[in-house]
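J.: Sharing a structure below in C-alpha coordinates format, with a few things to ask.
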Amino acid sequence: MKREFLESLGLEKDVIDKIMAEHGKSVEAQKARVDDLKTSLDDMKKQLEQRDNDLKQLKKQAEGNEELQTKLADLEKRYKDEKAAYEAKIKETQLNSAIKLAINGKVHDADLVASLLDKNTIELDENGNIKGLEEQLKTLQETKSFLFVPENNQPKITGIKPAEGSPTGGEPFSLRDALAQRLAQR
(Lines of atoms letter the chains of each structure in order from A and count residues from 1; the text may use other names and numbers.)
(Lines give C-alpha, C1' and ligand atoms only; values in the text may rest on other atoms or scores of the structure.)
Protein backbone atom coordinates (compact mmCIF):
# COMPACT_ATOMS: atom_id res chain seq x y z
CA MET A 1 0.00 0.00 0.00
CA LYS A 2 1.35 3.37 -0.94
CA ARG A 3 0.95 6.58 1.01
CA GLU A 4 0.08 8.45 -2.21
CA PHE A 5 -2.97 6.22 -2.70
CA LEU A 6 -4.28 7.07 0.76
CA GLU A 7 -3.56 10.76 0.25
CA SER A 8 -5.53 10.68 -3.01
CA LEU A 9 -8.53 9.43 -1.02
CA GLY A 10 -8.41 12.64 1.00
CA LEU A 11 -7.47 11.06 4.32
CA GLU A 12 -5.81 13.10 7.03
CA LYS A 13 -2.11 12.67 7.74
CA ASP A 14 -2.58 11.11 11.19
CA VAL A 15 -5.09 8.60 9.79
CA ILE A 16 -2.67 7.72 6.99
CA ASP A 17 0.13 7.24 9.53
CA LYS A 18 -2.03 4.84 11.55
CA ILE A 19 -3.04 2.87 8.46
CA MET A 20 0.57 2.64 7.27
CA ALA A 21 1.74 1.50 10.73
CA GLU A 22 -0.88 -1.26 10.82
CA HIS A 23 -0.07 -2.28 7.25
CA GLY A 24 3.61 -2.37 8.18
CA LYS A 25 2.87 -4.80 10.99
CA SER A 26 1.09 -7.20 8.63
CA VAL A 27 3.89 -6.91 6.06
CA GLU A 28 6.51 -7.68 8.69
CA ALA A 29 4.51 -10.69 9.88
CA GLN A 30 4.37 -11.99 6.32
CA LYS A 31 8.11 -11.39 5.87
CA ALA A 32 8.82 -13.42 9.01
CA ARG A 33 6.62 -16.23 7.70
CA VAL A 34 8.42 -16.16 4.35
CA ASP A 35 11.79 -16.31 6.12
CA ASP A 36 10.61 -19.33 8.12
CA LEU A 37 9.47 -21.06 4.94
CA LYS A 38 12.78 -20.28 3.20
CA THR A 39 14.69 -21.77 6.12
CA SER A 40 12.51 -24.85 6.02
CA LEU A 41 13.02 -25.16 2.27
CA ASP A 42 16.79 -24.84 2.64
CA ASP A 43 16.76 -27.57 5.30
CA MET A 44 14.78 -29.84 2.98
CA LYS A 45 17.20 -29.23 0.14
CA LYS A 46 20.13 -30.15 2.40
CA GLN A 47 18.35 -33.33 3.44
CA LEU A 48 17.77 -34.24 -0.20
CA GLU A 49 21.44 -33.67 -1.00
CA GLN A 50 22.47 -35.83 1.95
CA ARG A 51 20.08 -38.57 0.85
CA ASP A 52 21.51 -38.50 -2.68
CA ASN A 53 25.06 -38.78 -1.29
CA ASP A 54 24.03 -41.69 0.94
CA LEU A 55 22.52 -43.46 -2.06
CA LYS A 56 25.72 -43.05 -4.04
CA GLN A 57 27.78 -44.55 -1.21
CA LEU A 58 25.32 -47.43 -0.80
CA LYS A 59 25.53 -48.08 -4.52
CA LYS A 60 29.31 -48.45 -4.26
CA GLN A 61 28.98 -50.80 -1.30
CA ALA A 62 26.27 -52.88 -3.01
CA GLU A 63 28.43 -53.87 -5.98
CA GLY A 64 28.35 -57.62 -6.31
CA ASN A 65 25.32 -58.06 -4.03
CA GLU A 66 22.20 -58.39 -6.19
CA GLU A 67 19.73 -58.24 -3.31
CA LEU A 68 21.14 -54.90 -2.13
CA GLN A 69 21.24 -53.60 -5.70
CA THR A 70 17.55 -54.45 -6.13
CA LYS A 71 16.64 -52.69 -2.86
CA LEU A 72 18.78 -49.75 -3.87
CA ALA A 73 17.08 -49.50 -7.27
CA ASP A 74 13.68 -49.55 -5.53
CA LEU A 75 14.79 -46.78 -3.16
CA GLU A 76 16.14 -44.68 -6.02
CA LYS A 77 12.85 -45.02 -7.90
CA ARG A 78 10.83 -44.12 -4.80
CA TYR A 79 13.03 -41.10 -4.05
CA LYS A 80 12.85 -39.97 -7.67
CA ASP A 81 9.04 -40.16 -7.58
CA GLU A 82 8.93 -38.29 -4.26
CA LYS A 83 11.22 -35.59 -5.61
CA ALA A 84 9.03 -35.13 -8.69
CA ALA A 85 5.91 -34.88 -6.52
CA TYR A 86 7.68 -32.42 -4.20
CA GLU A 87 8.76 -30.20 -7.11
CA ALA A 88 5.26 -30.30 -8.61
CA LYS A 89 3.77 -29.29 -5.27
CA ILE A 90 6.22 -26.39 -4.94
CA LYS A 91 5.37 -25.16 -8.45
CA GLU A 92 1.65 -25.41 -7.71
CA THR A 93 2.07 -23.48 -4.45
CA GLN A 94 4.12 -20.78 -6.18
CA LEU A 95 1.54 -20.49 -8.96
CA ASN A 96 -1.37 -20.29 -6.49
CA SER A 97 0.41 -17.61 -4.46
CA ALA A 98 1.25 -15.59 -7.56
CA ILE A 99 -2.34 -15.81 -8.81
CA LYS A 100 -3.76 -14.73 -5.46
CA LEU A 101 -1.35 -11.80 -5.29
CA ALA A 102 -2.24 -10.77 -8.84
CA ILE A 103 -6.01 -10.82 -8.28
CA ASN A 104 -6.00 -9.46 -4.73
CA GLY A 105 -7.98 -6.25 -4.62
CA LYS A 106 -9.59 -6.95 -8.01
CA VAL A 107 -11.99 -9.60 -6.72
CA HIS A 108 -14.16 -10.05 -3.64
CA ASP A 109 -12.85 -13.55 -2.80
CA ALA A 110 -9.40 -14.41 -4.17
CA ASP A 111 -9.63 -18.08 -3.10
CA LEU A 112 -12.93 -18.59 -4.89
CA VAL A 113 -11.78 -16.93 -8.11
CA ALA A 114 -8.48 -18.85 -8.03
CA SER A 115 -10.41 -22.11 -7.75
CA LEU A 116 -12.40 -21.23 -10.90
CA LEU A 117 -9.29 -20.72 -13.04
CA ASP A 118 -7.80 -23.43 -15.26
CA LYS A 119 -4.28 -23.57 -13.85
CA ASN A 120 -3.08 -25.93 -16.60
CA THR A 121 -3.11 -23.02 -19.05
CA ILE A 122 -1.46 -20.56 -16.67
CA GLU A 123 2.33 -20.45 -16.44
CA LEU A 124 4.67 -18.76 -14.00
CA ASP A 125 8.03 -17.76 -15.46
CA GLU A 126 11.32 -17.35 -13.59
CA ASN A 127 10.71 -13.63 -13.06
CA GLY A 128 7.37 -14.24 -11.37
CA ASN A 129 5.29 -13.09 -14.36
CA ILE A 130 2.04 -14.96 -14.93
CA LYS A 131 1.12 -15.90 -18.50
CA GLY A 132 -2.45 -16.75 -19.43
CA LEU A 133 -4.10 -15.25 -16.36
CA GLU A 134 -5.48 -12.04 -17.88
CA GLU A 135 -7.39 -13.89 -20.60
CA GLN A 136 -9.09 -16.14 -18.07
CA LEU A 137 -9.89 -13.20 -15.79
CA LYS A 138 -11.53 -11.32 -18.69
CA THR A 139 -13.65 -14.35 -19.55
CA LEU A 140 -14.57 -14.89 -15.92
CA GLN A 141 -15.42 -11.22 -15.48
CA GLU A 142 -17.79 -11.40 -18.46
CA THR A 143 -19.57 -14.50 -17.16
CA LYS A 144 -19.40 -13.91 -13.39
CA SER A 145 -18.96 -10.17 -12.95
CA PHE A 146 -20.34 -10.26 -9.39
CA LEU A 147 -17.03 -11.82 -8.26
CA PHE A 148 -15.10 -8.70 -9.21
CA VAL A 149 -14.77 -5.42 -7.36
CA PRO A 150 -16.15 -2.57 -9.47
CA GLU A 151 -13.49 -0.31 -10.97
CA ASN A 152 -14.79 2.77 -9.18
CA ASN A 153 -16.02 1.54 -5.82
CA GLN A 154 -16.19 5.00 -4.28
CA PRO A 155 -19.88 5.46 -3.41
CA LYS A 156 -21.41 8.77 -4.40
CA ILE A 157 -23.72 10.12 -1.75
CA THR A 158 -26.16 12.70 -3.02
CA GLY A 159 -28.95 14.59 -1.35
CA ILE A 160 -29.33 17.38 1.16
CA LYS A 161 -28.22 17.72 4.74
CA PRO A 162 -31.07 16.88 7.11
CA ALA A 163 -32.47 19.69 9.26
CA GLU A 164 -31.45 19.86 12.88
CA GLY A 165 -34.07 19.12 15.54
CA SER A 166 -37.64 18.25 14.66
CA PRO A 167 -38.96 17.18 11.25
CA THR A 168 -40.75 20.52 10.94
CA GLY A 169 -37.62 22.49 11.74
CA GLY A 170 -39.11 23.96 14.95
CA GLU A 171 -38.41 23.00 18.53
CA PRO A 172 -36.81 19.63 19.26
CA PHE A 173 -39.35 16.88 18.79
CA SER A 174 -40.28 14.92 21.93
CA LEU A 175 -42.41 11.84 22.50
CA ARG A 176 -45.06 13.96 24.28
CA ASP A 177 -45.26 16.31 21.27
CA ALA A 178 -45.60 13.34 18.92
CA LEU A 179 -48.46 11.84 20.95
CA ALA A 180 -50.24 15.18 21.17
CA GLN A 181 -49.89 15.70 17.43
CA ARG A 182 -51.19 12.20 16.74
CA LEU A 183 -54.24 12.66 18.97
CA ALA A 184 -54.98 16.00 17.33
CA GLN A 185 -55.07 14.36 13.92
CA ARG A 186 -57.87 11.96 14.96
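Its first residue numbered 14, the sequence shown is counted upward by one per residue in my numbering. The beta-carbon is built from N, C-alpha and C at its ideal position, and this holds for glycine as well.
CA-CA distance, ASP108 and GLU80?
T.: Here residue 108 is Leu; the residue named in the question, Asp, does not match the sequence. Taking the straight line from one Cα to the other gives about 42 Å.
J.: At the level of alpha carbons, what is the spacing between VAL120 and VAL47?
T.: Distance between the alpha carbons of VAL120 and VAL47: 24 Å.
J.: Would a C-beta distance cut-off of 8 Å place ILE32 and LEU19 closer than the cut-off?
T.: Yes, the pair counts as a contact, with Cβ atoms nearer than the cut-off.
J.: Cα-Cα, which of PHE159, GLY141, GLU136, ASN140 is closest to GLU148?
T.: Minimum Cα distance to GLU148 is reached at GLU136.
J.: Looking at C-beta atoms only, is the number of pairs between the stretch 157–164 and the stretch 112–127 that lie closer than 8 Å three or more?
T.: Because the criterion of three Cβ pairs below 8 Å is met, the stretch 157–164 and the stretch 112–127 touch.
J.: Taking the beta carbon of ILE103 as the centre, do at least 16 other beta carbons fall within 10 Å, making it buried, or is it exposed?
T.: Result: exposed.
J.: Ignore the nearest five residues each way along the sequence and tell me which others in LEU71's own chain have a CB closer than 7 Å to its CB.
T.: Excluding residues within five positions, the ones whose Cβ falls inside 7 Å are LEU85.
J.: With DSSP as the reference, label LYS144 as helix, strand or coil.
T.: Note: LYS144 maps to strand in three-state DSSP.
J.: What residues are listed by DSSP as bridge partners for PHE161?
T.: In DSSP, PHE161 forms a bridge with VAL120.
J.: Between the alpha carbons of ASP94 and ASP67, how many angstroms are there, rounded?
T.: Taking the straight line joining both Cα atoms gives about 17 Å.
J.: Skipping 5 residues on each side, what residues in its chain have a beta carbon closer than 8 Å to that of THR134?
T.: Closer than 8 Å at the Cβ level, and outside the excluded window around THR134, lie GLY145, GLN149.
J.: State yes or no: is the C-beta of LYS96 within less than 8 Å of the C-beta of LEU50?
T.: Their beta carbons are not under 8 Å apart, which means LYS96 does not touch LEU50 by this criterion.
J.: In whole angstroms, give me the CA-to-CA distance for GLY141 and LYS59.
T.: If I take the Cα positions, the gap works out to 25 Å.
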